[in-house]
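In case it helps, mature numbering (1 follows the signal peptide of the UniProt record, and there is no 0) puts the sequence shown at residues -23 to -1, 1 to 243. Backbone N, C-alpha and C define an ideal beta-carbon position, used for all residues, glycine too. As the structure is a prediction and not an experimental result, all values here were calculated from the model. Data first, discussion second: the structure below is written as structure tokens.
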Amino acid sequence: MKKLFISLLILFTLTGCTLTPMSFDNDASSQNINTSLVCAKQIDLYPLSINEANPPQEAFNHYLKKLKEYTTNNIIVHETMKLSMEEEKVNDFVKNYGDETLHIYDLSKKNRDRFLQFIKQTKATKNSIVMIYTPQLFSNPEEKKRLNGRLFQHSYHPHIMAFNPLNINDSPVISDIQAWKIVFMQILGYTLGVPANSDHNKAGNCTRRECVMYPKPDWRAVMSVLLLNGMPYDFCHKCKAELKEAKERCIKQPLPLIISNTKEKQ
Ligand SMILES: [Zn+2]
């Protein structure tokens, strides 16, 4: 038994050291690093909790630590905006707000006034991130395709993203906190624009199996990384290098605002 365990350990460790990147299948792409955030002198985070949906504090702390590492130490976390509404209205509300559809939100008068004030506040700061925690999140209301997290395409002032605790806490095998850390990091990657270069970017995801931006769980990566470093809660060395390079460049010469593409995590 002991011999078998040692053999497996060696096998997994060796496999981990020689993980081959995913093939591109003519699907290589590229995107720009979000220099407005990477070069920001201050970032304002605005949590928005719908019907008391919230993330685990430990996972949020991990997100915050990594956001600071790749952008600025000067991050202000504002008081959580709490909204309550009928369940059937939640998904449309999140989608309309994320898509910045300019119509009157279907909220009660009291909630609407508070929410309009919230919008004003998030737009008053230069680099704002709104993190919505919602009990419902679908890519398409008709298809009812459930999402763990989502970054909205046209929202860059503020950047708007949404997370669904019910879906994230329903992840198989891993714990809720592990699942949250992974989803937070993936949405952070999409927000910051990694993977950027086409040598490791396949349709917006990273081809490196040890990267948190790798599109789906890979048992070899999970096993090898678990044995060597723990769960993959961070970007691979290529994604990290792109963020580091962008940060060094913006210190020397500020770059214009560049918006990253919409990404969804299922
Ligand atoms: Zn990567």
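When C-alpha distances from Asn11 are compared across Leu60, Ala173 and Leu93, the shortest belongs to Ala173. Beta bridge pairing from DSSP links Tyr110 with Ser26 and Phe140. Here the alpha carbon of Ser152 sits roughly 8 Å from the alpha carbon of Asn146.
In the structure shown, His214 adopts helical secondary structure according to DSSP, grouped into three states. Lys179 is bridged by DSSP to Ala5 and Asn182. Going by beta carbons, Leu114 and Asn144 fall inside the 9 Å limit.
When DSSP states are grouped into helix, strand and coil, Leu169 belongs to the helix group. Ordered along the chain, residues surrounding ligand 1 are Val171, Pro172, His177, Cys183, Arg185, Cys188, Met190, Phe212, Cys213, Lys215 and Cys216 [Cβ under 7 Å from any heavy atom].
A distance below 8 Å between beta-carbons, with the five flanking residues on each side excluded, links Pro112 to the following residues of its chain, in chain order: Ile27, Asn28, Ala30, Glu64, Val67, Asn141, Pro142 and Leu143.
Inclusion of Lys43 and Leu128 in the CB contact set at 9 Å is not warranted, their separation being larger than that value. Closest by C-alpha distance to Ile106, out of Leu169, Arg91 and Gln155, is Leu169.
The bridge partners DSSP lists for Arg91 come to none. Pairing Val171 with Glu219 gives a Cβ-Cβ distance under 9 Å. Annotated three-state conformation of Leu84 is coil, per DSSP.
Pro149 is classed as exposed because its beta carbon has fewer than 16 other beta carbons within 10 Å across all chains shown. Under DSSP, Lys229 forms no beta bridge with any residue. Per DSSP, the beta bridge partners of Ser105 are Asp21. Ranking Phe212, Tyr191, Thr48 and Gly126 by CA distance to the CA of Cys227 puts Thr48 first. Bridge pairing for Lys45: absent [DSSP].
In the same chain as His55, and ignoring 5 residues on each side of it, the C-beta atoms closer than 8 Å to its own belong to Asp21, Leu22, Tyr23, Pro24 and Gln98, in chain order.
In summary, Leu93 is exposed, with fewer than 16 beta-carbon neighbours lying within 10 Å of its beta-carbon over all protein chains present. Looking at the DSSP output, Lys59 shares a beta bridge with Ser26.
The C-beta of Asn50 has fewer than 16 other C-beta atoms within 10 Å across all chains shown, which makes the residue exposed. In the DSSP assignment, Val54 falls within the beta strand (DSSP E) that extends over Ile52 to Val54. Spanning the alpha carbons of Tyr74 and Asn104 requires a straight line of approximately 18 Å.
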